[in-house]
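K.L.:
Numbering (the numbering used here), first residue to last: 1 to 168.
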């Protein structure tokens with residue numbers, strides 16, 4: 001009977017230890033989530049502040065209408081590139097940017113959902129008609145980078161490529 005009582009107390013201590021560990025871990029995870037939300041939400045577009053365009057007029061009005069004016073220097077060593085993703089290509093093509101400059105891509109579509117993935121980089125966004133997808137990237141190495149549509153957009157999807165030329 002005494003051995004049984006000691007065994008029961010040992011099991012209770014063991015269970016209390018694991019219960020304490022689980023509660024501590026839960027508090028730690030909640031604290032980490034709160035910290036992440038408080039410090040890493042700068043890149044998130046708040047509701048109501050999403051940049052939109054009229055997909056029926058994007059080819060004729062605004063910065064996407066003229067592909068010769070698509071690369072705009074907006075500051076010292078900073079450029080904005082207005083990219084139009086359409087079935088089955090990208091405009092402008094090729095895109096020429098300098099090495100080491102911060103490039104802000106503003107991408108939209110006049111027709112269907114497309115993808116904008118730059119091979120060899122972490123640039124990978126979904127492009128929706130009527131919405132402007134914005135992504136920043138600095139090309140550290142000169143060369144040619146292929147743009148791939150990674151969202152099925154129709155029968156010519158497999159031929160939808162673009163090119164970024166990064167010059168020294």
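Just so it is clear, CB atoms sit at the ideal spot from N, CA and C, and this is done for glycine as well.
#1: Just to confirm my understanding: we take residue 126, look at its own chain, exclude 5 residues before and 5 after, and list those with CB closer than 7 Å. What are they?
#2: Hey, how far is the Cα of residue 39 from the Cα of residue 65?
#3: Using only the heavy atoms of the ligand GDP, determine whether one of them is closer than 7 Å to the beta carbon of residue 11.
#4: Measuring CA to CA, which of 76, 162, 56, 100 is closest to residue 145?
#5: Can you tell me where the beta strand (DSSP E) holding residue 144 begins and where it ends?
#6: Quick one: what does DSSP say residue 116 is sitting in, helix, strand or coil?
#7: Would you mind sorting residue 92 into buried or exposed? The rule is 16 or more other CB atoms within 10 Å of its CB.
#8: Using three-state DSSP, classify residue 102 as helix, strand or coil.
#9: Are residue 166 and residue 108 closer than 8 Å when you measure CB to CB?
#10: Note down, in chain order, each residue of its chain lying with its Cβ closer than 7 Å to the Cβ of residue 73, except the 5 sequence neighbours on either side.
#11: Considering residue 163, what are the terminal residues of the beta strand (DSSP E) in which it resides?
P.N.:
The structure says:
#1: Position 126 of the chain shown holds residue 126. Within the same chain, residue 126 has close Cβ partners 113, 115, 133, 151.
#2: Start at 1 with the first residue of the chain shown, and residue 39 comes out as number 39. Start at 1 with the first residue of the chain shown, and residue 65 comes out as number 65. Each residue's Cα considered, the two are about 37 Å apart.
#3: This structure simply doesn't include the ligand GDP, nor any ligand for that matter.
#4: Here residue 145 corresponds to residue number 145 of the chain shown, with the count starting at 1. Selected option, being the one with the closest Cα: 162.
#5: In the chain shown, the residue the question calls residue 144 occupies position 144. Note, residue 144: beta strand (DSSP E), 143-148.
#6: Here residue 116 corresponds to residue number 116 of the chain shown, with the count starting at 1. It is a strand residue.
#7: Residue mapping note: residue 92 aligns to position 92 of the chain shown, counting from 1. Its Cβ being crowded by 16 or more others within 10 Å, residue 92 is buried.
#8: To locate residue 102, count along the chain shown from 1; it is residue 102. DSSP places residue 102 in strand when its eight states are reduced to three.
#9: Locating residue 166 in the chain shown gives position 166, counting from the first residue. Locating residue 108 in the chain shown gives position 108, counting from the first residue. No, the pair does not count as a contact, with Cβ atoms beyond the cut-off.
#10: In the chain shown, residue 73 corresponds to position 73, counting from 1. The answer, listed in chain order, is 79.
#11: In the chain shown, the residue the question calls residue 163 occupies position 163. Taken as a continuous stretch (DSSP letters only), the beta strand (DSSP E) holding residue 163 covers 161-167.
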